[in-house]
Amino acid sequence: RLARASRERRCFAAWGGAGQRGDGGGGHRGRNSSAGPGALVMRMRSAPSVQHALDLKRVMERKGIDPDVGAYTAILAVAARHRDAATAGNLVEEMRQRGVALDSGAYCALLSAHARASTATSTADAADAWNAMRAEGIERNEPCVRAFVDACARAAYLDIAFEAVVELAKSRAASGHPPPEPRTWNRLIAACGRARRPGHVERVPVLMRQHGCRVGADTRAFLAEAYGRCGDPARALRLVEDHARRHQTNPTAEEALACVRACRESKRWDLSDAAFAMLEGAGVLDSDHPDRPFALHQMQRHAAKRANAEKRASRRHERAARKRTWRAFRQEQASRKTDPASDALSGAGGGPGAGSGGGGAWWKA
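Counting in the numbering used here, the sequence shown runs without a single skipped number right up to 769 at its last residue.
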């Protein structure tokens with residue numbers, strides 16, 4: 405409580421005593437004449453934590469100002485930045501109880517919060533929010549579609565994400581606008597890669613060509629990395645090499661680095677040499693290339709992971725060899741052991757008519 409009270413005092417001081425009447429206008433504003441509800445909302449957007457943004461909202465309420473959709477959107481953006489989907493859901497419920505209508509910006513921040521949370525529950529909540537936007541007739545613009553696609557990085561929701569992107573492309577074509585930006589399709593490719601669905605990854609470039617969007621180098625890099633996440637880096641290498649051979653050009657730095665990451669994600673160290681050769685062909689390792697430090701860092705990281713993987717594999721083989729040797733030794737020891745009753749029957753002086761000496765000899769043995 406003391407910490408919250410201290411934060412609220414700092415919020416009052418930051419606001420500068422704006423608006424003695426409580427509406428941010430008129431009266432004495434103190435030294436900072438530009439301070440007011442708008443300035444407080446801007447501070448909400450740059451709040452270092454969700455709790456700090458909620459304290460700023462509490463300051464508004466104590467001043468007699470009801471937070472509008474802009475203030476709630478600012479807090480939702482902070483919650484999305486900190487991956488706090490629970491607080492975002494509570495804020496939306498509070499908005500509905502107070503009768504504050506949600507707009508596309510608020511829904512976009514809510515979808516971003518669910519996407520960053522990256523759980524099964526948050527994905528289901530993002531789908532519910534997407535359906536609520538359709539029911540309320542709110543425009544689902546391209547930022548909302550991108551946030552929803554990020555939240556649908558699970559196999560059960562990929563079809564809904566494809567429907568959202570295709571619907572956006574059709575609506576933009578019907579209104580005479582250009583097709584969706586490549587980064588929207590790239591988000592869809594990344595979602596398919598995180599869900600480990602190579603079949604869905606293949607559909608994206610086909611849809612892009614159908615809706616008049618060009619498959620560029622950045623999209624091919626996303627495709628290569630998605631194939632690596634799906635465990636098929638050889639396909640990523642073929643994709644980049646075939647395009648370079650068809651157009652008689654070298655792969656770009658983004659494509660080469662994506663192939664290196666694909667080999668590392670799938671732990672296919674046998675294909676890493678081809679990826680590094682692609683880096684050299686793209687000229688990334690030249691002294692004057694801007695991506696050379698990043699490429700060298702990736703190569704060192706890749707080499708370290710490869711060495712660790714080889715060490716782990718050799719240790720597994722050694723443990724398996726020791727287990728086989730010990731198992732063979734135990735089997736040999738078990739085969740050498742004989743049944744005591746058979747020893748008593750076959751030993752000297754043994755047998756059914758043997759005296760106590762035989763029995764004692766058997767017992768000592």
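Beta carbons: idealized from backbone N, C-alpha and C, even for Gly. Keep in mind the model is a prediction, meaning the values are calculated, not measured.
Just curious, the alpha helix (DSSP H) that residue i is in, first and last residue?
{"i": "G632", "result": "A621 to R633"}
{"i": "T400", "result": "The shown model of the chain, from 405 to 769, leaves out residue 400, and the question about it has no answer."}
{"i": "V553", "result": "E546 to A555"}
{"i": "L572", "result": "L562 to A578"}
{"i": "L661", "result": "A657 to S670"}
{"i": "C512", "result": "S508 to A521"}
{"i": "H604", "result": "P602 to Q614"}
{"i": "D636", "result": "Segment: none, D636 is in no alpha helix (DSSP H) and carries neither H nor E."}
{"i": "A539", "result": "A524 to E540"}
Restricting to Cα atoms, I'd like to know which of the options is closest to residue i.
{"i": "R502", "options": "N545, C556, E465 and E658", "result": "E465"}
{"i": "T523", "options": "D488, R538, E540 and A536", "result": "D488"}
{"i": "V569", "options": "E722, V664, P584 and G580", "result": "P584"}
{"i": "C512", "options": "A505, A484 and R624", "result": "A484"}
{"i": "L480", "options": "A510, M499, A443 and D470", "result": "A510"}
{"i": "G541", "options": "G442, A505 and H486", "result": "A505"}
{"i": "A521", "options": "N535, R538, T491 and L495", "result": "T491"}
{"i": "V463", "options": "R607, L444 and E659", "result": "L444"}
{"i": "A621", "options": "G635, C596 and N654", "result": "N654"}
{"i": "L627", "options": "A638, G616, A594 and T656", "result": "A594"}
{"i": "S670", "options": "T729, R705, R633 and Q737", "result": "R633"}
{"i": "R638", "options": "R672, M499 and L700", "result": "The displayed chain sequence assigns Ala, not Arg, to residue 638. Ranking the options by Cα distance to A638, first place goes to R672."}
{"i": "V664", "options": "N712, A555, Q735 and A707", "result": "A707"}
{"i": "H701", "options": "R618, A519 and L661", "result": "L661"}
{"i": "A560", "options": "T525, S508 and R587", "result": "T525"}
{"i": "M499", "options": "V482, D472 and S508", "result": "D472"}
{"i": "L562", "options": "A536, E684, C596 and S575", "result": "C596"}
{"i": "T656", "options": "R668, C667, M682 and R650", "result": "M682"}
At 4 residues or longer, and completely inside the region 464–493: list those alpha helix (DSSP H) runs for me, N to C. 473–485
Check whether the region 516–533 touches the region 547–564, counting contact only when three or more Cβ pairs, one atom from each stretch, lie closer than 8 Å. In short, these stretches touch, since the Cβ pair count reaches three.
Any contact of the region 639–646 with the region 665–679, i.e. 3+ C-beta pairs under 8 Å? yes
Any 3 or more C-beta pairs closer than 8 Å across the region 591–611 and the region 575–582: no
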